[in-house]
Amino acid sequence: DAEYLSGHLAQIKGVTPPFVPSDRTHIYHKYRIRLNPDELDLDMEPDKFRDLVMKTLQAEGVDAVLWQTVPILGQTLFQLKEGYGKGCPWSCKYAEKISYDPNDYPETLKLLADSLVICSEPYPIFPQPLELMKHYIEAFHRVFDNIDEVVTVKMTSVEKKPITGRAEIG
Numbered sequence: 009d010a011e012y013l014s015g016h017l018a019q020i021k022g023v024t025p026p027f028v029p030s031d032r033t034h035i036y037h038k039y040r041i042r043l044n045p046d047e048l049d050l051d052m053e054p055d056k057f058r059d060l061v062m063k064t065l066q067a068e069g070v071d072a073v074l075w076q077t078v079p080i081l082g083q084t085l086f087q088l089k090e091g092y093g094k095g096c097p098w099s100c101k102y103a104e105k106i107s108y109d110p111n112d113y114p115e116t117l118k119l120l121a122d123s124l125v126i127c128s129e130p131y132p133i134f135p136q137p138l139e140l141m142k143h144y145i146e147a148f149h150r151v152f153d154n155i156d157e158v159v160t161v162k163m164t165s166v167e168k169k170p171i172t173g174r175a176e177i178g
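Just so you know, our numbering puts the end of the sequence shown at 178, numbered straight through with nothing missing.
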């Protein structure tokens, strides 16, 4: 059913479903889509566009959520070097000094800013019925067929989250 959803979402300008090479399969534990306001000639920051689309999709009954909003290296474990046994491996006498800067990974930051996940942890996409996928496709069309109105009506100020905060995993 995720492949069915992907086939339909790929036809909507501004939406990019997960890429799966032709010689591979995907279990779709997480179904992450990317949103591109530039494809729609919208002058918006990707994260603001993502949040606006996510809220609108949720209002249409789509289980759209954020997941893993901080790069791995921006998470507390790496930023505060909270390892096991008094900070090991970072505090061990043979440890090299290392710095984890999420800004060294601009493509990761871009992905996190312009993407969201369809179906949450308690309801992963792979076991969902085809009827639900059809409902989601209709909802995406309602949102993206009216994106100018959605942007005009629902434009809100969304605070940018710091990339070194605690990770939002669920």
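Backbone N, C-alpha and C fix where the C-beta goes; we use that ideal spot for every residue, glycine too. Computed from a predicted model, the values in this text were never measured in an experiment.
Terminal residues of the alpha helix (DSSP H) in which residue i lies
i	result
Y92	Y92 to G95
I35	Per DSSP, I35 belongs to no alpha helix (DSSP H) and is neither H nor E.
L124	Careful: L124 lies outside any alpha helix (DSSP H), inside the beta strand (DSSP E) at S123 to I126.
Y113	Taken as a continuous stretch (DSSP letters only), Y113 belongs to no alpha helix (DSSP H), as it is neither H nor E.
M141	L138 to D153
A10	A10 to L17
Whole-angstrom distance between residue j and residue i, CA atom to CA atom
i	j	result
L81	Q87	7 Å
A72	V78	17 Å
G173	E90	Confidence in G173 is poor, its pLDDT being 42 and thus under 50, which makes the residue's placement too unreliable to answer from.
E176	Q76	Here E176 scores only 43 on pLDDT, less than 50, and its place in the model should not be relied on; the value that follows carries that caveat. The straight-line gap from Cα to Cα measures roughly 6 Å.
H16	A10	10 Å
V158	T64	8 Å
L140	M52	30 Å
R40	L119	10 Å
H34	Y144	20 Å
A121	Q66	18 Å
C127	K38	8 Å
A103	F27	38 Å
Residue i in three-state terms, based on DSSP
i	result
I41	strand
V61	helix
I23	Before going further, note that residue 23 is Val rather than Ile in the sequence given. Correct three-state label for V23: strand.
D46	helix
I133	coil
V28	coil
E157	helix
Presumed contact (8 Å Cβ cut-off) between residue i and residue j, rounded CB distance
i	j	result
L43	F57	6 Å
E68	R150	6 Å
Interface flag, residue i vs chain B, CB-CB below 9 Å
i	result
C127	This model lacks chain B altogether, as it is built from one protein chain only.
Task: beta strand (DSSP E) segments (min. 3 residues) lying fully within the region 71–110 - done: none
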